[in-house]
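Colleague: Following this message is one structure expressed as structure tokens.
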Ligand code: VG1
Ligand code: CO
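Residue numbers (full-length UniProt numbering): 4 to 582.
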């Protein structure tokens, strides 16, 4: 093949957000748009990291992925990349990409240097919805801000990109290697089974035998909803073929380019079918399964449900951390430390204190956990946004979280699988609250609000922080039964490993009784702005941990909405989604 140099001009707004660049498909399919971003990434990595490199290119299978993969293959060839690895049909979950980078070895012993992941994660897909792309590094984790800043800089000055236009499209539906020869020598495209590395890794972490026994037990029932995302591929392999779950326990496990028209976000609003089946919907399900779970489009998120019971993600990571050493062989030697993102509830903090573990609070987004893990300081981490994971890879991992919960259930029930009464998901959570106290928690999302109004709201909240007595005066006027704000700031993080500083990571109001209000603007949307309000209250008294969470939090919610002047700034009287 020959290399062409194509003239181009910068596009505005190619700044990667919390997790890559996400835009409407019609934006991504403009001539040169994707090309500019990919070339800017190659420039940011530098010639010595690109020439001769092995790169993974795949994603959640959303609309435009197949075209994007062919474009990236041709550009990689032109930029001197040695080989491209593609999951069969272009499918690899985000956690599987991370596993492939860390585990897969080419015939000549090379490993992958990085990956383009084609996904907009939990955002809907299809010709009128979202596409996305992000770059992951050699450690399997998202590119750090130093790299994404460089990529963005390059997109503002780019003049040309390189592409091997004459290279024929590669058949990515069939496993096998296709070899080409270019001006700099051989170039390979290796299409491989999307599941093999990932399944092998999961088997090395969990005791599949004990999970198999749990799933085979007559009194245990199971259900998994992939929301037509890429998780379906892994769910079939792992839950059905490896662990013996019934095929009928899988919902929406065929990946679709438009996620069947749905919103592939595993929460109580969007995972409607699962929610109904688990007895949490409006219809009255007579006998819901004991355990249910869902994933987002790229399978890095998870929602865990028990029979008629919702597990808050902030509780989920705390419960996994509290039980990991006993229930999961990978952690039998102990945990190196735990971490959560700032808006995630402090349930994990209490476990860390109790178990005397190193603990870290990082900004939103998975990239900040990677440094801690590479330095051997953190084993288990999580976010309130349905993200849970560990140092087995450098991404959050939806299937891993489900296997972790199944392991805990298997461990707690090892003596009563013959037909006795099971320790349920709900029992495990309630016992956890009884021991550690409960962090009532909710998040209100105001999606696609006017960007100017959102900015003004945030500015208003920052300005208020300069006088706590004024803030407390306003709060007393709204709800006299809410405690006093004792500290208010914008969260700033200094990475303990590389010393880098990330500012403006969310506005915090911290109360005397441990309650918190946090306000952030989302960095993953593709239209307008999304305001997230995180509301948390700690209850230590075991006789008071069983309340309905929206009831318990009602006073703080009212304060959050009125203090921020939500209605005035956004014109919204209610959030789009409550989790
Ligand atoms: C959201 C979540 C954040 C998560 C990120 C990527 O970001 O809040 O916790 O890490 O999505 O998740 P934001 O900036 O919109 O709040 V995923 O599943 O899109 O890779
Ligand atoms: Co995701």
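C-beta: ideal position from N, C-alpha, C; glycine also. Small disclaimer: the values here were computed from a predicted structure and weren't measured.
Identify every residue that forms a DSSP beta bridge with residue 364.
Modeller: Partner(s): 343.
Colleague: Given 7 Å as the limit, tell me if residue 133 has its C-beta closer than that to any heavy atom belonging to the ligand VG1.
Modeller: Answer for residue 133: no, Cβ out of range of the ligand VG1.
Colleague: Please indicate yes or no: does the CB of residue 303 lie closer than 7 Å to some heavy atom of the ligand VG1?
Modeller: The answer is yes for residue 303.
Colleague: Per DSSP, residue 214 forms a beta bridge with which residues?
Modeller: Per DSSP, none; premise fails for residue 214.
Colleague: Three or more C-beta pairs closer than 8 Å, one from the stretch 270-278 and one from the stretch 432-440: is that the case here?
Modeller: Because the criterion of three Cβ pairs below 8 Å is not met, the stretch 270-278 and the stretch 432-440 do not touch.
Colleague: Can you tell me the Cα-Cα spacing of residue 49 and residue 467, whole angstroms?
Modeller: Taking the straight line joining both Cα atoms gives about 44 Å.
Colleague: Could you tell me the alpha carbon to alpha carbon distance between residue 161 and residue 480, rounded to whole angstroms?
Modeller: Roughly 54 Å between the two C-alpha positions.
Colleague: Hey, residue 336 and residue 360 are a contact pair by Cβ (cut 8 Å); roughly how many whole angstroms apart?
Modeller: Not confirmed; about 13 Å, so no contact.
Colleague: Measuring only the C-alpha atoms, how far is residue 115 from residue 374?
Modeller: Going by the C-alpha atoms only, they are around 19 Å apart.
Colleague: Which one of 87, 355, 59, 258 has the shortest CA to CA distance from residue 189?
Modeller: Out of 87, 355, 59, 258, 87 has the C-alpha closest to the C-alpha of residue 189.
Colleague: In or out: residue 571 buried (at least 16 other Cβ within 10 Å) or exposed?
Modeller: Flag for residue 571 reads exposed.
Colleague: Does DSSP put residue 526 in a helix, in a strand, or in coil?
Modeller: Coil, per DSSP.
Colleague: Beta carbon of residue 97: closer than 7 Å to some heavy atom of the ligand CO?
Modeller: At least one heavy atom of the ligand CO is nearer than 7 Å to the Cβ of residue 97, so yes.
Colleague: Going by the C-beta, is residue 105 closer than 7 Å to any heavy atom of the ligand VG1?
Modeller: No, Cβ of residue 105 sits at least 7 Å from all heavy atoms of the ligand VG1.
Colleague: Does the ligand CO have even one heavy atom less than 7 Å from the beta-carbon of residue 299?
Modeller: Because some heavy atom of the ligand CO lies under 7 Å away, the Cβ of residue 299 counts as near it: yes.
Colleague: Going by DSSP, which residues form a beta bridge with residue 442?
Modeller: For residue 442, which the question treats as bridged, DSSP gives the partners 541.
Colleague: Beta carbon of residue 125: closer than 7 Å to some heavy atom of the ligand CO?
Modeller: The answer is yes for residue 125.
Colleague: With distances taken from CA atoms, which of 502, 432, 453 is nearest residue 545?
Modeller: The option with the nearest alpha carbon to residue 545 is 432.
Colleague: Quick check on residue 189: does DSSP put it in helix, strand or coil?
Modeller: Of the three classes helix, strand and coil, the one that applies to residue 189 here is strand, per DSSP.
Colleague: If contact is defined by three or more beta carbon pairs under 8 Å, each pair taking one atom from either stretch, is the stretch 304-318 in contact with the stretch 256-266?
Modeller: With a cut-off of 8 Å, the stretch 304-318 and the stretch 256-266 do not count as touching, because too few Cβ pairs lie within range.
Colleague: Taking all protein chains shown into account, decide if residue 244 is buried (16 or more other Cβ within 10 angstroms of its Cβ) or exposed.
Modeller: Counting Cβ neighbours within 10 Å, residue 244 comes out exposed, since fewer than 16 surround it.
Colleague: Please report the residue range of the beta strand (DSSP E) in which residue 309 lies.
Modeller: Here the beta strand (DSSP E) through residue 309 covers 305-309.
Colleague: DSSP has residue 98 in a bridge; who is on the other side?
Modeller: Residue 98 pairs with nothing; no bridge assigned.
Colleague: Quick one: any contact between the stretch 419-432 and the stretch 537-552, if contact means 3 or more CB pairs under 8 Å?
Modeller: Short answer: they don't touch.
Colleague: Quick one, which of 465, 529, 514 has its alpha-carbon nearest residue 568's?
Modeller: For the residues 465, 529, 514, the minimum Cα distance to residue 568 belongs to 465.
Colleague: Buried or exposed: where does residue 110 fall if 16 or more other Cβ atoms within 10 Å of its Cβ makes it buried?
Modeller: It counts as exposed.
Colleague: In the structure shown, what three-state DSSP assignment does residue 396 receive?
Modeller: Coil, per DSSP.
Colleague: Roughly how many angstroms separate the alpha carbons of residue 22 and residue 147, rounded to a whole number?
Modeller: One C-alpha to the other measures close to 10 Å.
Colleague: Which value, in whole angstroms, describes the spacing of the CA atoms of residue 331 and residue 183?
Modeller: Between residue 331 and residue 183, the C-alpha separation is close to 45 Å.
Colleague: Are residue 89 and residue 180 touching if we call contact CB-CB under 8 Å?
Modeller: Contact flag unset, no.
Colleague: Within 10 angstroms of the Cβ of residue 290, are there 16 or more other Cβ atoms? Answer buried if so, exposed if not.
Modeller: Classification for residue 290: exposed.
Colleague: Are the beta-carbon atoms belonging to residue 210 and residue 410 less than 8 Å from one another?
Modeller: Taking 8 Å as the Cβ cut-off, residue 210 and residue 410 qualify as a contacting pair.
Colleague: Under the assumption that residue 126 contacts residue 101 (Cβ atoms under 8 Å), give the Cβ distance between them as a whole number of angstroms.
Modeller: At roughly 20 Å, the Cβ-Cβ gap does not stay under 8 Å, so residue 126 and residue 101 are not in contact.
Colleague: Please go through the stretch 449-513 and give each complete beta strand (DSSP E) segment of 3 or more residues, from N-terminal end onward.
Modeller: 488-493, all fully within the stretch 449-513.
Colleague: Just the Cα atoms here: how many angstroms apart are residue 316 and residue 380?
Modeller: In a straight line, the C-alpha of residue 316 is about 22 Å away from that of residue 380.
Colleague: With DSSP as the reference, label residue 93 as helix, strand or coil.
Modeller: The answer is helix: DSSP assigns residue 93 an H, G or I state.
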